[in-house]
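Scroll down for the structure; my scribbles are underneath it.
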Amino acid sequence: MAFEGLAERLQHTIDKMKSRGKVTEKDVKEMMREVRLALLEADVNFKVVKKFVNDVKERAVGQEVMKSLTPGQQVIKVVNDELTKLMGGEQSKIAHAQKPPTVVMMVGLQGAGKTTTTAKLANHLRKHHNRQPMMVACDIYRPAAIDQLETLGKELNMPVFSMGDKEKAVNIATKAIEQAKEDHRDYVLIDTAGRLHVDEALMNELVEIKEAVNPDEILLVVDAMTGQDAVNVAESFHESLGITGVVLTKLDGDTRGGAALSVKAVTGTPIKFAGMGEKIDQLEPFHPDRMASRILGMGDVLSLIEKAQTSVDETRARELEEKMRTADITFDDFLEQLAQVRNMGPLDELLAMIPGANKKLLKNVQVDESHIGRIEAIVRSMTSEEKQNPSILNASRKRRIAKGSGTSIQDVNRLLKQFEEMKKMMKQMTSMQKGKKKRKGGF
Ligand code: GDP
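Residue numbers (full-length UniProt numbering): 1 to 443.
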């Protein structure tokens, strides 16, 4: 995960502040010295750090903090507010043109993740906004990029407009928009050419496309792993093109996070999305407030809830809840629950979003995904009858299941025991709740 080092240092610093009933100016100064070092070490632009530290100091030694009942926590709130502000404050959404199609130009250096992000964004727009995007292959200098986009388009079952690598990029873009209008596509995502470094010929070509298609949005894709370089790249693209937003990719890697914290402050353009992995659905809208809370170890409960909402079928969830209440749960239900948790993504990623689950804590909680895989395999090796009624599992059936799932009889027995205990616990909880209700009624 990105920001690990920074998060650890900041959390250590603010932990010391948290419970203070009294905060002096000297305390704040001391804390901000540590915060400053932590930010510089995370590769945040030094001018940005200077301004941030001054802003926090000014507010933290002001009336609102010193006079409050919980000054320690107030200081942390100020740091959280300012960190949110630094990354752009409110979430900045993707443009939506009054008159379709909305034209989005994707720009960036080679390798930043432009082509992948184009497809991820198309997928996001369709899945979460019910839009019908079309992608356009304008990276004519890298035929592999055209193939790559076409492959991604096939995977997504989404149209890709391409005219090979012989036509000028500006002509391809113009024709693509005509086609999109004809086909009633409401978003056109243009994947443009990249270079290894910012160069004039590239900028000229991009400006030419911009003038021809008049985009509603110019999204610069930058690799968060490149740190300060990402900020420099953003500055030069912004100067020549006037970008409207940034997509930070590879935030799943162990970047120190400096780019995320400096891009908005240096260029004035908001980060709109974050790439969190290579897979097509690993693009997330960037929420400065949630990111700040995550860095300060206050967890990211909202993102967690959103993830749960998109991967859980609510009616089914309610049915399952009812079954759990009546301790009527079977192995079929159990399997379904496991699958839903898995849909939400790797478990350690989910755990990292829970408040208080900082790095130190996570180190002690080894999430053993293979263990869950084994449980799944055991349940899948049962017949429907066995799943509904595990009491019929005798020694020979257990042997068959262990063999079928590549586990041992001990593993099967352990799971059966755990399942029974879970049911017992559910029964107890239900009767406790009933008891409570009764008592309440009696008073
Ligand atoms: P382009 O040259 O800018 O079009 O870059 P590509 O789209 O070809 O991506 C370059 C590499 O970065 C590919 O291997 C992608 O899978 C990878 N990539 C893109 N976005 C992400 C991300 O958010 N996380 C990770 N881990 N890899 C990414």
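Backbone N, C-alpha and C fix where the C-beta goes; we use that ideal spot for every residue, glycine too. From a predicted model like this one, the values you see are computed outputs, not experimental measurements.
Asked	Found
Three-state secondary structure (DSSP) at F161?	strand
Verify the contact flag: T226, CB atom, against every heavy atom of ligand 1, threshold strictly below 6 angstroms.	no
Near H12, which residues of its chain fall below 7 angstroms by C-beta distance, leaving aside the five closest residues on each side in sequence?	none
Between the Cα of S370 and those of N214, G275, Q388, G406, spot the shortest distance and give me the residue it belongs to.	G406
Using the Cα positions of G442 and Q337, report the straight-line distance between them to the nearest angstrom.	A caution first: G442 carries a pLDDT of 33, below 50, which makes its placement in the model unreliable, though a value can still be read off. About 37 angstroms.
What are the partner residues of Y187, as DSSP defines its beta bridges?	T102, P133
Applying the criterion that 16 or more other CB atoms from any shown protein chain within 10 Å of the CB defines a buried residue, is D15 buried or exposed?	exposed
Considering only residues of the same chain and omitting the five flanking positions on each side of E178, which have a CB-CB separation below 8 angstroms?	none
Along the chain, where does the alpha helix (DSSP H) containing K387 start, and where does it finish?	384-388
Within 10 Å of its beta-carbon, does residue 445 have 16 or more other beta-carbons around it, so buried, or fewer, so exposed?	Nothing in the structure corresponds to residue 445, since the chain is present only between 1 and 443.
Return yes when at least one heavy atom of ligand 1 lies under 6 angstroms from the C-beta of E336, else no.	no
Assuming G153 is part of the alpha helix (DSSP H), what are its boundary residues?	143-156
Could you name the residues that DSSP lists as bridge partners for D223?	T249
One question on the structure: do V75 and V61 come within less than 7 angstroms of each other, judged by their Cβ atoms?	no
Taking F331 as the reference, which of E386, K279, R290, M291 has the closest Cα?	E386
Terminal residues of the continuous alpha helix (DSSP H) containing K272?	From DSSP, K272 is part of no alpha helix (DSSP H) but of the beta strand (DSSP E) over 271-275.
Closer than 7 angstroms by C-beta to E376: which residues in its own chain qualify, once you throw out the five before and the five after it? Chain order, please.	L335, L338
For ligand 1, is there any heavy atom lying closer than 6 angstroms to the beta carbon of E150?	no
Which residue comes first and which comes last in the alpha helix (DSSP H) that contains L83?	71-86
K181 to K114, Cα distance in whole Å?	24 angstroms
Whole angstroms are fine: how far does the CA of A234 sit from the CA of H197?	12 angstroms
Nearest to L83 by CA position, among K398, S408, A265, is which residue?	A265
Which first and last residues belong to the alpha helix (DSSP H) in which P285 is found?	Premise fails: P285 lies in the beta strand (DSSP E), 283-285, not in any alpha helix (DSSP H).
With DSSP as the reference, identify every bridge partner of I392, one or two as the case may be.	According to DSSP, I392 bridges with nothing at all.
Going by beta carbon distance, what residues of the same chain come within less than 7 angstroms of L202, once the five residues before and after it are set aside?	A193, R195
Buried or exposed: where does K437 fall if 16 or more other Cβ atoms within 10 Å of its Cβ makes it buried?	Residue placement at K437 cannot be trusted, given a pLDDT of 45 that sits under 50; the coordinates are not used to answer.
Taking the CB atoms as reference points, tell me whether L206 and V136 lie closer together than 7 angstroms.	no
Can you give me the start and stop residues for the alpha helix (DSSP H) that T267 sits inside?	258-267
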